[in-house]
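Counting from 489, one number per residue, gives the positions in the first sequence under the numbering used here.
Report on the structure given below.
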Amino acid sequence: MTMLEVRCCFPLFLFSSLISVMSVRVRIAPSPTGNLHIGTARTAVFNWLFARHHGGQFILRIEDTDLERSRPEFTQNILDGLTWLGLNWDEGPFFQTKRMDLYQQAIRTLLDNGLAYRCYTSEAELDEMRAAQEARGQAPRYDNRHRHLTPDQEAAFQAEGRLPVIRFKIEDGREIAWKDMVRGTVSWRGSDLGGDMVIARRAPADEIGQPLYNFVVVVDDVDMNITHVIRGEDHVANTAKQILLYEALGAAVPEFAHTPLILSPAGKKLSKRDGVTSISDFRKMGYVADALGNYMTLLGWSPPDSTQERFTLAEAAEQFSFDRVTKAGAKFDWDKLNWLNSQYLHDIPADRLTDLLIPYWQNAGYEFDPGDRPWLEQLAALIGASLVRLEDAVEMSRYLFIVDVGFSDTATAQLQQDGTAAALQSILDSLASTQTLTADEAQTMIKTAVSTASVKKGLVMRSLRAALTGDMQGPDLIQSWLLLNQHQIDQRRLQQALAIAK
RNA sequence: GGUGCCGUAGGCAAAUUGGUAAAGCCACAGGUCUUUCAAUCCUGCGCUUGCGGGUUCAACUCCCGUCGGCACUGCCA
Numbered sequence: 489m490t491m492l493e494v495r496c497c498f499p500l501f502l503f504s505s506l507i508s509v510m511s512v513r514v515r516i517a518p519s520p521t522g523n524l525h526i527g528t529a530r531t532a533v534f535n536w537l538f539a540r541h542h543g544g545q546f547i548l549r550i551e552d553t554d555l556e557r558s559r560p561e562f563t564q565n566i567l568d569g570l571t572w573l574g575l576n577w578d579e580g581p582f583f584q585t586k587r588m589d590l591y592q593q594a595i596r597t598l599l600d601n602g603l604a605y606r607c608y609t610s611e612a613e614l615d616e617m618r619a620a621q622e623a624r625g626q627a628p629r630y631d632n633r634h635r636h637l638t639p640d641q642e643a644a645f646q647a648e649g650r651l652p653v654i655r656f657k658i659e660d661g662r663e664i665a666w667k668d669m670v671r672g673t674v675s676w677r678g679s680d681l682g683g684d685m686v687i688a689r690r691a692p693a694d695e696i697g698q699p700l701y702n703f704v705v706v707v708d709d710v711d712m713n714i715t716h717v718i719r720g721e722d723h724v725a726n727t728a729k730q731i732l733l734y735e736a737l738g739a740a741v742p743e744f745a746h747t748p749l750i751l752s753p754a755g756k757k758l759s760k761r762d763g764v765t766s767i768s769d770f771r772k773m774g775y776v777a778d779a780l781g782n783y784m785t786l787l788g789w790s791p792p793d794s795t796q797e798r799f800t801l802a803e804a805a806e807q808f809s810f811d812r813v814t815k816a817g818a819k820f821d822w823d824k825l826n827w828l829n830s831q832y833l834h835d836i837p838a839d840r841l842t843d844l845l846i847p848y849w850q851n852a853g854y855e856f857d858p859g860d861r862p863w864l865e866q867l868a869a870l871i872g873a874s875l876v877r878l879e880d881a882v883e884m885s886r887y888l889f890i891v892d893v894g895f896s897d898t899a900t901a902q903l904q905q906d907g908t909a910a911a912l913q914s915i916l917d918s919l920a921s922t923q924t925l926t927a928d929e930a931q932t933m934i935k936t937a938v939s940t941a942s943v944k945k946g947l948v949m950r951s952l953r954a955a956l957t958g959d960m961q962g963p964d965l966i967q968s969w970l971l972l973n974q975h976q977i978d979q980r981r982l983q984q985a986l987a988i989a990k
């Protein structure tokens, strides 16, 4: 539309230069009826990538026209989530509830032009109508029964005390088609759109009721000069109706891109009932923003070099195009997300990792001095390579924070092996004359224990692990020992273990 | 029920756009390293593109049919 108009008004040579100057404007329009959902976030990612690729504007609009369910804390959650993911917006947030005048004005225009009308059909009548249609094996749809009410008929309904909704006329004979950036040409018949659509809720006949989503979206997108509407595939069916609205409003129709949905393992649209789906939950669990953004991008898009699995959003933006967006929905794969997250975690330097880990250790109730950086950073370095999520650090480092961890069954069994007592006693003896343990000293002590107790090294190592950590598996033993030694709990553990061994 | 969209190995996917298919990643299995688990590294594993026709010298790519999945079908967004 825009292009056609431009083409008509300007010489052709100007056209090509205009299009490069014409800025891309996209938006993410979440509804604050819940926390930022992974699906919404992924849509935001695609919008952001497209905007950044074209040097355009990424706009945030809060769709809070559902007064019943919208809540300010959800708005905050959405803002926080987008910020955390690094999806910075250029304009907004705009709130639809603050733009009511605009919508009402647009509705008045449609009413005045005869493109919309008041419908007095009651909900009970609507139910009855749909039931009858269903009984006849027909698709449920509004039968446009009040499209041509006379003033007398309207007055009569009003006298009955009926409150009207406002409906927008949809001609059955219309053919609506658009060229979707993901799906190619998509077309719809007006007759399959369910009859004249409600654009404003029930209200007294001399007023204009609460405007509805499908209408408000169009008014806003027109008002905000949105050039490309990028949203989930679940909105395809709305698009035909909205195109009709653009026309009625005399506005240029934007480009559309309907992205594939994120599916649950069962293959259904991912919903809150599928467990963890909100960005804030992923964050709490210890997924890092870069990994999550990377993964969301990979769900439906692949870089030109498709062997590349890891990239930042900025890198993706350079190469992003809808040509490489798949049409089919993608199942959410925890395994792959976990793998990606672990890759990012492995690359984080110990000092930064420590910063990230401290809140988790604190939340776990561990008592420690956050200022004890050398010890904490050694710990971070110790477990870093084994982390899948930051949250894993809680269990993984428990034995280093809790003074008395207790011994697992397998550890107890190990401690009761022949030779264990003698070996541990040897270690304890060596330790008595040592200040701060070094790795070399630890190795020497182990050798001494091997010869003193006349046992194999493996037994000493396993027994030492059992005694020091209370378990038979965990992070590197020597490093763990050094950390315990620095907090003076190694000898205490060895003594407790000895009590069991004897 | 109707309309629309989609369909490549268990999952995500690639295939210079009609020109040798299953590249790469996850998962899985085995091995390596190590005192253990994990990580790392190595190796292996999956096969003719849902199915059936058609067009063509040639089809994952185009056409028809069929099956299946999903989305929508609100005075929610």
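Even for Gly, the Cβ is constructed at its ideal location relative to N, Cα and C.
Residue burial classification, residue i (beta-carbon count within 10 angstroms, cutoff 16)
{"i": "residue 488", "result": "It is not possible to answer for residue 488, since the shown part of the chain is limited to 489 through 990."}
{"i": "residue 585", "result": "exposed"}
{"i": "residue 743", "result": "buried"}
{"i": "residue 805", "result": "buried"}
{"i": "residue 730", "result": "buried"}
{"i": "residue 980", "result": "exposed"}
{"i": "residue 508", "result": "Because the pLDDT at residue 508 is just 46, under 50, the model does not fix this residue reliably, and the value given afterwards should be weighed accordingly. So residue 508 ends up on the exposed side."}
{"i": "residue 953", "result": "buried"}
{"i": "residue 601", "result": "exposed"}
{"i": "residue 555", "result": "exposed"}
{"i": "residue 738", "result": "exposed"}
{"i": "residue 692", "result": "exposed"}
{"i": "residue 924", "result": "exposed"}
{"i": "residue 891", "result": "exposed"}
{"i": "residue 495", "result": "With a pLDDT of 33 at residue 495, under the threshold of 50, the predicted position of this residue should be treated as unreliable, though the coordinate-derived value follows. Looking at its Cβ environment, which holds fewer than 16 other Cβ atoms inside 10 Å, residue 495 is exposed."}
Identified DSSP bridge partners for residue i
{"i": "residue 757", "result": "751"}
{"i": "residue 827", "result": "None, per the DSSP bridge assignment."}
{"i": "residue 699", "result": "688"}
{"i": "residue 772", "result": "Looking at the DSSP assignment, residue 772 forms no beta bridge with any residue, so it has no partner."}
{"i": "residue 746", "result": "719"}
{"i": "residue 674", "result": "666"}
{"i": "residue 948", "result": "In DSSP, residue 948 forms no bridge with anything."}
CA nearest to the CA of residue i, picked from the options
{"i": "residue 700", "options": "675, 594 and 676", "result": "594"}
{"i": "residue 541", "options": "513, 836, 564 and 850", "result": "513"}
{"i": "residue 474", "options": "757, 766 and 875", "result": "Any answer about residue 474 is impossible in this case: the structure gives the chain only from 489 up to 990."}
{"i": "residue 677", "options": "951, 687, 666 and 686", "result": "666"}
{"i": "residue 860", "options": "983, 629 and 971", "result": "971"}
{"i": "residue 545", "options": "632, 523, 579 and 955", "result": "579"}
{"i": "residue 906", "options": "750, 988, 521 and 868", "result": "988"}
{"i": "residue 986", "options": "646, 582, 714 and 902", "result": "902"}
{"i": "residue 713", "options": "511, 613, 685 and 977", "result": "511"}
{"i": "residue 769", "options": "898, 878, 801 and 607", "result": "878"}
{"i": "residue 832", "options": "808, 816 and 797", "result": "797"}
{"i": "residue 447", "options": "818, 816, 794 and 817", "result": "Any answer about residue 447 is impossible in this case: the structure gives the chain only from 489 up to 990."}
{"i": "residue 943", "options": "710, 885, 687 and 909", "result": "909"}
{"i": "residue 561", "options": "836, 523 and 572", "result": "523"}
{"i": "residue 843", "options": "881, 536, 626 and 825", "result": "881"}
Continuous alpha helix (DSSP H) stretch holding residue i: start and end
{"i": "residue 569", "result": "560–573"}
{"i": "residue 738", "result": "From DSSP, residue 738 is part of no alpha helix (DSSP H); its letter is neither H nor E."}
{"i": "residue 548", "result": "Note, residue 548: premise wrong, no alpha helix (DSSP H); beta strand (DSSP E) at 545–550."}
{"i": "residue 430", "result": "The question about residue 430 has no answer here: the residues shown for the chain are numbered 489 through 990."}
{"i": "residue 605", "result": "Careful: residue 605 lies outside any alpha helix (DSSP H), inside the beta strand (DSSP E) at 604–607."}
{"i": "residue 980", "result": "978–989"}
{"i": "residue 897", "result": "897–903"}
{"i": "residue 610", "result": "Note, residue 610: premise wrong, no alpha helix (DSSP H); not H, not E."}
Cβ-Cβ separation, residue j to residue i (assumed contact under 8 Å), whole Å
{"i": "residue 534", "j": "residue 718", "result": "5 Å"}
{"i": "residue 774", "j": "residue 848", "result": "7 Å"}
{"i": "residue 733", "j": "residue 704", "result": "Residue 733 to residue 704, Cβ: 10 Å. No contact."}
{"i": "residue 736", "j": "residue 603", "result": "5 Å"}
{"i": "residue 675", "j": "residue 663", "result": "6 Å"}
{"i": "residue 552", "j": "residue 519", "result": "7 Å"}
{"i": "residue 927", "j": "residue 966", "result": "5 Å"}
{"i": "residue 690", "j": "residue 697", "result": "6 Å"}
{"i": "residue 823", "j": "residue 865", "result": "With 8 Å as the limit, residue 823 and residue 865 do not qualify as a contact, their Cβ atoms being about 30 Å apart."}
{"i": "residue 814", "j": "residue 788", "result": "5 Å"}
{"i": "residue 894", "j": "residue 958", "result": "6 Å"}
{"i": "residue 828", "j": "residue 779", "result": "5 Å"}
N- and C-terminal bounds of the beta strand (DSSP E) containing residue i
{"i": "residue 656", "result": "653–656"}
{"i": "residue 665", "result": "663–668"}
{"i": "residue 791", "result": "Note, residue 791: premise wrong, no beta strand (DSSP E); not H, not E."}
{"i": "residue 516", "result": "513–516"}
{"i": "residue 718", "result": "716–720"}
{"i": "residue 582", "result": "579–583"}
The ligand GTP heavy atom lying under 6 Å from the CB of residue i
{"i": "residue 707", "result": "Among the components modelled here there is no ligand, and therefore nothing to report on the ligand GTP."}
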